[in-house]
Amino acid sequence: MKIKSLALAIVAAAGTTTAFAGGFTLSEQSVSSMGTSNAGRTSNAVDASVVFNNPAAMGELKTAQFTQAVAFIDAKTKIKNVNAPLGGTTDGNIVPHTFIPSGYFTSGDQGGWAWGIAAYGSYGLKTNNESTFAGRHLGDKSSVEVITIQPAFSYQINDKVSVGFGPTINKVEALLTKNVSSVPNIGGGLPGTVLGTNTLEGDDIGYGYNFGIHTKLSESTSAGIVYRSKVKYKIDDGTLETTGTGFNFGGGIVGAAGTYSASTSLTTPESVEASISHKVNAKNTVHAGATWTRWSRLKELSVQTSNPIVGTTVETFEWKDSVGYAAGLTHAYDDKLTLRAGLAYDNTPVAPEHRSVRLPSADRYIASLGAGYKLSPTQTIDASYTYVQEETAEVRQAASAYSADYRNRASVYGLQFTQQF
């Protein structure tokens, strides 16, 4: 029985939905930043979401602030040119509507020091194919959530440079299912039949940190850089539950119905994000940024199970490092209204030969609009809209003879409230 591991679920999070950053890392932590496609988020301190964006810039906010944000993802998928030995449907639209909340507090400048705390989603995956999906033996339902708690501290070294640090506590919960009511002929054996599903569950807590530098290059120009560390997960309390009669692979029956233990480990990659913001005049500020992520860490993952026949399986990824780019504009329309716009490009870390139905990802293009409005001198509301369009993702699963072309797009709506104290 080829087991898609808990590690695959987590990588799918590190690798699926969002509107999204390369490799599907969630990038909906700040609605004010989403308005510029996240361009300038490490160099431009707008509200308390700076705790995530760049903790070194917390001192740029002179007063204490609380920010609550929520993003709503409406994703669409079209599946075409399907070759599926099992037959079945190709409805597409596999990503359910999803809300991504986040919350932040920062003390503001405390005489050169500042502190803050944040709670946000760092990775996320939700896919739910119909029960008759043509690739159901490769992946049916996927649900992964990685929630991060991050305290942070900053210190102003001089009138130009500040540094910031924030340890992260990351909780992952993963659920994967396969509808394996019929399995194709593999290894020369008879076609297998299983009237049931495979369900794989697990969770773990991993620890990491974010480190940032913020600098004022001049009165009109600021720059920032943030290093987000790798995070190690070790899932040794996972379960694999199989219902049905078993699999016939290579002429033998394996993986009969039952509940087995499953364990695995993986490391999600480190990243470096840098950006610059330049105030052109009293009303207009331009932003540019780039993010490098070390996805090449994900070569392969092994999964150990208590199933005496399956034993240990290896999942091959062979991902590559990715770089995303963004550019944006902030326009102060008047004392109350600020308008934003941005464009971005993310290249996928998923190599075409390893692309799966759980990760039908390709390079993507992003366009955003946003606005911030001061309800009062101490209250601000922000809104954003982001459109994501991916190139066609060709899925070619040679081992199971499944192939299809996926076309993904998404609309992401953001709403945020900030209260100054």
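In case it helps, mature numbering (1 follows the signal peptide of the UniProt record, and there is no 0) puts the sequence shown at residues -21 to -1, 1 to 400. Glycine included, C-beta positions come from ideal geometry on N, C-alpha and C.
Could you work out which residue in the options is closest to residue i when comparing CA atoms only?
i	options	result
residue 99	15, 21, 368 and 7	7
residue 254	266, 244, 243 and 120	266
residue 349	28, 393 and 334	393
residue 180	209, 123 and 207	123
residue 251	188, 257, 262 and 298	188
residue 185	196, 28 and 209	209
residue 218	207, 197 and 240	240
residue 89	104, 101 and 40	40
residue 331	298, 264, 379 and 51	298
residue 18	353, 378, 352 and 347	347
residue 86	352, 147, 95 and 23	95
residue 103	285, 379, 334 and 51	51
residue 12	365, 84 and 190	365
residue 28	264, 334 and 130	130
residue 20	379, 264 and 373	264
What does a CB cutoff of less than 6 Å around residue i pick up in its chain, not counting 5 residues either side in sequence?
i	result
residue 375	382
residue 114	336 and 381
residue 133	34, 35, 37, 38, 93, 141 and 143
residue 10	48, 361, 363, 393 and 395
residue 386	57 and 371
residue 59	384
residue 69	58, 61 and 113
residue 54	74 and 389
residue 82	47 and 98
residue 146	188
residue 417	Outside the shown range of the chain (-21 to 400) lies residue 417, about which nothing can therefore be said.
residue 207	189 and 250
Based on DSSP bridge pairs, tell me the residues matched to residue i.
i	result
residue 189	145 and 207
residue 373	384
residue 398	45 and 358
residue 343	325 and 369
residue 264	258 and 309
residue 132	94 and 144
residue 298	DSSP lists no partner for residue 298.
residue 62	382
residue 331	Note: residue 331 sits in no beta bridge, so no partner.
residue 53	390
residue 195	201
residue 80	49
residue 125	102 and 151
residue 319	309 and 349
residue 214	243
residue 251	206 and 271
Which same chain residues, not among the five before or five after residue i, have their C-beta less than 7 Å away from its C-beta?
i	result
residue 368	343, 344 and 388
residue 183	151, 212, 213 and 214
residue 199	257 and 258
residue 271	250, 251, 300 and 302
residue 353	315 and 359
residue 285	239 and 240
residue 111	67 and 68
Give me, in chain order, the residues of the same chain whose beta-carbon lies closer than 8 Å to that of residue i; leave out the 5 immediate sequence neighbours on both sides.
i	result
residue 194	139, 140, 141, 201, 202 and 203
residue 358	396, 397, 398 and 399
residue 326	1, 301, 302, 303 and 342
residue 269	252, 253, 254, 302, 303, 304 and 305
residue 91	38, 134 and 135
residue 317	309, 310, 311, 350, 351 and 352
Taking all protein chains shown into account, do 16 or more other C-beta atoms lie within 10 angstroms of the C-beta of residue i, making it buried, or fewer, making it exposed?
i	result
residue 151	buried
residue 355	exposed
residue 402	Past the edges of the chain, shown from -21 to 400, lies residue 402, and the structure says nothing about it.
residue 192	buried
residue 232	With a pLDDT of 42 at residue 232, under the threshold of 50, the modelled position of that residue is not reliable, and the figure given next carries that caveat. With fewer than 16 other Cβ atoms within 10 Å, it is exposed.
residue 262	exposed
residue 391	buried
residue 136	exposed
residue 26	buried
residue 197	exposed
residue 31	buried
residue 66	exposed
residue 14	buried
residue 4	buried
residue 24	buried
residue 22	buried
residue 63	buried
Compare the C-beta of residue i against all C-beta atoms of chain E and say whether one is closer than 7 Å.
i	result
residue 30	Absence of chain E from the displayed structure is noted, only one protein chain being present.
Within 8 Å, do at least three Cβ pairs link the region 311 to 322 to the region 293 to 303?
Cβ pair count under 8 Å is below three, so no.
Decide if the region 199 to 211 is in contact with the region 44 to 55; the criterion is three or more beta carbon pairs, one per stretch, under 8 Å apart.
Between the region 199 to 211 and the region 44 to 55 there are fewer than three inter-stretch CB-CB distances shorter than 8 Å, so the stretches are not counted as touching.
With contact counted as at least three CB pairs below 8 Å, one residue from each stretch, are the region 266 to 280 and the region 243 to 257 in contact?
Counting Cβ pairs under 8 Å, three or more are found: they touch.
Taking 8 Å as the cut-off, does the region 316 to 331 touch the region 297 to 307 (at least 3 CB pairs, one atom from each stretch)?
Verdict: yes, contact present.
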